[in-house]
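**Student:**
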Amino acid sequence: MCPSPSEPVSPPRRGFTLVELLVVIAIIGVLIALLLPAVQQAREAARRMQCTNNLKNIGLALHNYHDTYQKLPYLGFDDYSGDTISAFGRILPFIEQNALYETLDFTHVRANDGRNTLYRTTPLNVYSCPSETVTLGESNSGNHHWSHQRYSYGLCVGNTNYAQQDANNWDGLWTYKNGGSAFKMGYEIFGLNIVTDGTSNTIMASELPMNTNDQGWQGMYAAGVYASGAGFTGYLGPNTRSSVDGGRRCWDSKDYIQKIPCHNSGDNWRSATFAAFSMHPGGVNAANFDASVTFVPETIDIWTWRARTSTNGGEVINNN
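In structure tokens, the structure reads:
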């Protein structure tokens, strides 16, 4: 039976051909490839901004500590009887962590003596750069085994090229003896009055990487050698890599490939140089002594960087 002329005739259904489908997939792939880097850059920009805010809060906390006690907190003890609670533990009340501060027992300072467990294991976002990938660590040393957090930041101890267990030598034993540090180990406490180079020109804190080895308790504790992770030196430029510990430090020890300039035939693993180092591409965030935060490119002139990391060197700095 023939259809009535008044009845509509449906057009034949037609799908995508294989070629058309491949073209659409290719276009989508190109768009994703173009957009993905932009998305990643936007995420990194947000992480870097959060890191900037963290350093700003640390800087303000140090200022509030100074206003309260008329001095800056010491970095740690200058003996090697134990890895002592660092300045980051002492400013806890000024970053809204007074409850955690009240749990600290400063008479038991060793990282592995079974005390201060809450301090060791409590994550604090203000001390952690969101670009970091390392968080809780497991330390194994001799008969000791303990869990601990790692922090992403350290205090500037000057521009020395050599850090001994004896903190009195932090201003440099060798070629570059100038500058000085507001943060010392032990009981010699300084105030902001020693920052004669200007608080807006002098770096107070910056980023430190979280070590992946089993004894890296970055920031929480400061051993007789400050390089345990609570401080850094401006002798090495930002993001300087060495062959030790993921490229973040070098040691005065025959056991390591890369030696610092003072290396001799002896073996002193407590002497080390740490550089400011970040997980951000191109440089590091750094807080000045006026609590302002700037991003310092890793291409900065090394002499300018060393001048920025000294407190009283009297250098003329080109802010451009």
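For the sequence shown, UniProt numbering gives the first residue as 1, with consecutive numbering after it.
We put the CB at the ideal spot given by N, CA and C, even for glycine.
1. Which same chain residues end up closer than 8 Å to Glu-96 when comparing Cβ atoms and leaving out the 5 residues on each side of it in sequence?
2. Closer than 6 Å by C-beta to Pro-93: which residues in its own chain qualify, once you throw out the five before and the five after it? Chain order, please.
3. What does the Cβ neighbour count give for Arg-120, buried or exposed, with the cut at 16 atoms within 10 Å?
4. Mapping DSSP to helix, strand and coil, what is Ile-203?
5. Secondary structure at Phe-295, three-state DSSP: helix, strand or coil?
6. By the three-class DSSP mapping on this structure, what secondary structure does Phe-289 have?
7. Just to confirm, are Thr-309 and Ile-203 a CB contact at a threshold of 9 Å?
8. Are any of the Cβ atoms in chain C nearer than 9 Å to that of His-280?
9. Would you mind giving the Cβ-Cβ distance between Asn-159 and Gly-234, rounded to the nearest angstrom? I have them listed as a contact below 8 Å.
10. Write down the C-beta distance between Leu-118 and Thr-103 rounded to the nearest angstrom, noting that I regard them as a contact closer than 8 Å.
11. Count the other CB atoms, across all protein chains shown, that sit within 10 Å of the CB of Gly-59; report buried if there are 16 or more and exposed otherwise.
12. Within 10 Å of its beta-carbon, does Trp-303 have 16 or more other beta-carbons around it, so buried, or fewer, so exposed?
13. For Cys-156, list the residues DSSP reports as bridge partners.
14. Excluding the five sequence neighbours on either side, which residues of its own chain have a C-beta within less than 7 Å of the C-beta of Thr-240, listed in chain order?
15. From the DSSP output, read off the bridge partner residues of Val-284.
16. Starting from the C-beta of Leu-36, find all residues in its chain whose C-beta is less than 6 Å away, skip the five residues before and the five after it, and write them out in chain order.
17. State yes or no: is the C-beta of Ser-278 within less than 9 Å of the C-beta of Ser-200?
18. To the nearest angstrom, how far is the alpha carbon of Asn-312 from that of Asp-197?
19. Count the other C-beta atoms from every protein chain shown that fall within 10 angstroms of the C-beta of Gly-283, then say buried if there are 16 or more, exposed otherwise.
20. Just verifying my parser: in three-state terms, what is the DSSP assignment at Gly-76?
21. Please work out which residues of its chain come closer than 7 Å, Cβ to Cβ, to Ala-307, disregarding the five sequence neighbours upstream and downstream, and give them in chain order.
22. Helix, strand or coil for Gln-41, going by three-state DSSP, please let me know.
**Tutor:** Looking at the atomic coordinates:
1. Translated into positions along the sequence shown, residue 96 becomes position 96. A distance below 8 Å between beta-carbons, with the five flanking residues on each side excluded, links Glu-96 to no residue of its chain.
2. Position 93 of the sequence shown, counting from 1, holds the residue named residue 93. Counting only Cβ-Cβ distances below 6 Å, and skipping sequence neighbours, we find Tyr-101.
3. Numbered from its first residue, the sequence shown carries residue 120 at position 120. Buried is the call here.
4. Walking along the sequence shown from the start, residue 203 turns up at place 203. Three-state DSSP puts Ile-203 in a strand.
5. Within the sequence shown, the letter at position 295 stands for residue 295. Looking at Phe-295 - three-state DSSP - the assignment turns out to be strand.
6. The sequence position of residue 289 within the sequence shown is 289, counting from 1. The answer is coil: DSSP assigns Phe-289 none of H, G, I, E or B.
7. As a first step, residue 309 is located in the sequence shown; it is residue number 309 there, counting from the start. As a first step, residue 203 is located in the sequence shown; it is residue number 203 there, counting from the start. Result yes, Cβ atoms of Thr-309 and Ile-203 sit closer than 9 Å.
8. No chain C appears in this structure, which consists of one protein chain only.
9. Locating residue 159 in the sequence shown gives position 159, where the first residue counts as 1. Locating residue 234 in the sequence shown gives position 234, where the first residue counts as 1. Their Cβ separation, rounded to whole angstroms, is 4 Å, which keeps Asn-159 and Gly-234 in contact under 8 Å.
10. Within the sequence shown, residue 118 is the residue found at index 118, counting from 1. Within the sequence shown, residue 103 is the residue found at index 103, counting from 1. With 8 Å as the limit, Leu-118 and Thr-103 qualify as a contact, their Cβ atoms being about 5 Å apart.
11. As a first step, residue 59 must be located in the sequence shown, where it is residue number 59. It counts as buried.
12. Start at 1 with the first residue of the sequence shown, and residue 303 comes out as number 303. When all chains shown are included, Trp-303 counts as exposed.
13. Counting from 1 along the sequence shown, the entry for residue 156 is found at position 156. In the DSSP secondary-structure assignment, Cys-156 is bridged to Phe-232.
14. On the sequence shown, residue 240 is found 240 positions in, with the first residue counted as 1. Contacts found: Ala-275.
15. In the sequence shown, counting from the first residue as 1, residue 284 sits at position 284. Its beta-bridge partners are Val-296.
16. Along the sequence shown, read from residue 1 onward, the residue named residue 36 stands at position 36. Closer than 6 Å at Cβ, skipping near neighbours: no residue.
17. For the purposes of this step, residue 278 is identified with residue 278 of the sequence shown, where counting begins at 1. For the purposes of this step, residue 200 is identified with residue 200 of the sequence shown, where counting begins at 1. For Ser-278 and Ser-200, no; Cβs fall outside 9 Å.
18. As a first step, residue 312 is located in the sequence shown; it is residue number 312 there, counting from the start. As a first step, residue 197 is located in the sequence shown; it is residue number 197 there, counting from the start. Asn-312 and Asp-197: Cα-Cα distance of roughly 5 Å.
19. Your numbering for residue 283 matches position 283 in the sequence shown. Classification of Gly-283: buried, given that the 10 Å Cβ count is 16 or more.
20. As a first step, residue 76 must be located in the sequence shown, where it is residue number 76. In this structure, Gly-76 counts as strand in the three-state DSSP scheme.
21. Taking the first residue of the sequence shown as 1, we reach residue 307 at position 307. Only Gly-313, Glu-315, Ile-317 meet the Cβ criterion.
22. Here residue 41 refers to the residue found at position 41 of the sequence shown. Three-state DSSP puts Gln-41 in a helix.
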